[in-house]
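Colleague:
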Amino acid sequence: MRSKYLIKELLSEITKKLSPFIDRASREAQLLVMAYLDKDELWLITHQATEISDLQRLWSWVERRCKNEPLEYITNKVSFYSQEFFIQEGALIPRPETELLIDEVFKYAPDKDAEFSFVEVGVGSGIISIILALHYKNAKFIAVDISQDALSVARKNIEKFGLQNRIELRQGSLLEPVAEHIDYLVSNPPYIEDGVALESNLSYEPQNALFGGVVGDELIKKLLDEVLKREINLFTCEMGYDQKDKIHNYLIDKNYNKLEFYKDYSNFDRGFTLKVNR
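Start counting at 1 in the sequence shown, then tack on 357, and there's your number in the working numbering.
#1: Can a CB atom of chain B be found closer than 7 angstroms to the CB of Leu585?
#2: Which of the three DSSP states is assigned to Arg638 in this structure?
#3: Assuming Thr593 is part of the beta strand (DSSP E), what are its boundary residues?
#4: Can you list, in chain order, the residues of its chain whose CB lies under 8 angstroms from that of Glu441, leaving out five sequence neighbours each side?
#5: Take the Cβ of Arg635 as the centre, count every other Cβ of all protein chains shown within 10 Å, and call the residue buried at 16 or more, exposed below.
#6: Where does Leu449 fall in DSSP's three states?
#7: Along the beta strand (DSSP E) that carries Leu616, what are the first and last residues, could you check?
#8: Would you kindly work out how many angstroms separate the C-alpha atoms of Pro534 and Leu457, rounded to a whole number?
#9: Can you give the Cα-Cα distance for Lys632 and Leu542, rounded to whole angstroms?
#10: Using the DSSP secondary-structure output, state which residues sit across from Arg527 in a beta bridge.
#11: Identify whether Gln387 lies in helix, strand or coil by the three-state DSSP scheme.
#12: Are the Cβ atoms of Pro338 and Leu576 separated by less than 7 angstroms?
#13: Mapping the DSSP letters down to three states, classify Thr630 as helix, strand or coil.
#14: Use the C-beta contact count for Ser482: other C-beta atoms within 10 angstroms, 16 or more gives buried, fewer gives exposed.
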C-alpha cells in the first residue's frame with residue numbers, strides 16, 4: 358500500500374477491496390473513511406483532492422470489514438434515533454426497527470413531564486433508556502442486563518449523555534434485580550429460536566442477546582408473567598415476526614386491559630404494548 362492517498366483515490370481503492378465481499382462497497386468505503394478521519398459527509402465531498410497519510414489502522418479496518426465484521430464494531434459508532442452512540446463487541450448492535458419501540462412508548466405515555474419509573478430489561482448498549490431519558494426529563498430509569506460486557510458499553514453511553522444520575526444500571530436476569538414499583542417496562546429481549554442459522558455477520562454479536570430459547574419466545578412470556586403478577590401498567594416489547602399469535606394466545610385467558618401489536622418498516626409484526634390497568 359502507498360503511504361499517501363488523495364481522498365478520491367483512497368475511496369476508490371477501498372471500494373475495490375470491499376467489492377467482492379460487501380454489497381454497498383462504495384458507500385461503506387465512504388463510511389469507513391469518514392469514521393477514520395472523524396469527518397462528516399460534506400467534508401468528504403468537498404475534500405476529494407485532499408492528501409492524507411498514516412493509514413495503517415484504516416487498512417486494518419478494511420481487512421476486518423472484508424471478513425464481514427460489522428461496520429459498527431469496527432468504527433465503534435452506531436446511529437439510533439438521530440443520536441450517535443458508542444458500540445463494541447459484547448453489546449447487540451441497535452437495529453432501525455427498534456426505533457419503533459420508542460415511538461410506541463411515546464404513544465402510550467404522551468406526557469413528557471410525567472415522573473414515571475421506567476425499567477428496561479436487556480439494556481445492551483443503553484440506547485433505549487437513553488433516548489427515553491432525553492425525552493422524559495422527570496423520569497427515573499433502572500436498566501438491567503445479564504451481561505457485564507453490555508453494561509460496560511451502556512455505562513459509556515450513559516456517561517456520554519450525562520445521565521448517570523437518572524439511569525441506574527443493574528446486573529441480573531430479567532426483573533430479578535428490581536424490587537421497586539415499575540410504571541413502564543420496556544424490553545428488546547432475545548427472541549430468536551435456538552439453533553436457527555443466522556447470517557455470518559451476526560456471529561460477531563453476543564449470542565445471548567439473540568437467542569431466546571427452544572421456541573424463542575420464552576423470555577417474553579416470563580416478562581409477561583412478571584408484568585401481570587406485579588401489575589406493571591405498561592409493557593412495550595419487541596418480538597419476532599412470527600410470534601404475534603403465540604403471544605396473543607398466551608394472554609388469552611389473562612386479566613389485562615389492552616394488547617396492541619405494531620409492525621416494522623417491512624410490514625412484519627415486530628412488537629406489542631400491553632396495558633394492564635383500566
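In this text, a Cβ means the ideal position worked out from N, Cα and C, and glycines have one as well.
Modeller: On the basis of the data shown:
#1: In the displayed structure, chain B is absent; only one protein chain is listed.
#2: Nothing about residue 638 can be reported from this structure: the residues present for the chain run from 358 to 635 only.
#3: Position 236 of the sequence shown, counted from the start, is the residue given in the question as residue 593. From DSSP, the beta strand (DSSP E) with Thr593 extends over Leu591 to Glu595.
#4: Reading the sequence shown from its first residue, position 84 is the one you call residue 441. Hits under 8 angstroms: Lys434 and Val435.
#5: If you number the sequence shown from 1, residue 635 lands on position 278. Per the 10 Å Cβ criterion, exposed.
#6: Stepping through the sequence shown from its first residue, residue 449 is reached at position 92. Three-state DSSP puts Leu449 in coil, outside helix and strand.
#7: Residue mapping note: residue 616 aligns to position 259 of the sequence shown, counting from 1. From DSSP, the beta strand (DSSP E) with Leu616 extends over Lys615 to Lys620.
#8: For the purposes of this step, residue 534 is taken as the residue at position 177 of the sequence shown. For the purposes of this step, residue 457 is taken as the residue at position 100 of the sequence shown. Approximately 27 angstroms between the Cα atoms of the pair.
#9: Against the sequence shown, residue 632 aligns to sequence position 275. Against the sequence shown, residue 542 aligns to sequence position 185. Cα to Cα, Lys632 sits roughly 11 angstroms from Leu542.
#10: In the sequence shown, residue 527 corresponds to position 170, counting from 1. Arg527 is bridged to Val501.
#11: Residue 387 sits at position 30 when you count from the first residue of the sequence shown. In the structure shown, the three-state DSSP call for Gln387 is helix.
#12: Absent from the model: residue 338. The displayed extent of the chain is 358 to 635, so no value can be given.
#13: The sequence position of residue 630 within the sequence shown is 273, counting from 1. Here Thr630 sits in strand by DSSP.
#14: One-based indexing of the sequence shown puts residue 482 at position 125. Burial call: buried.
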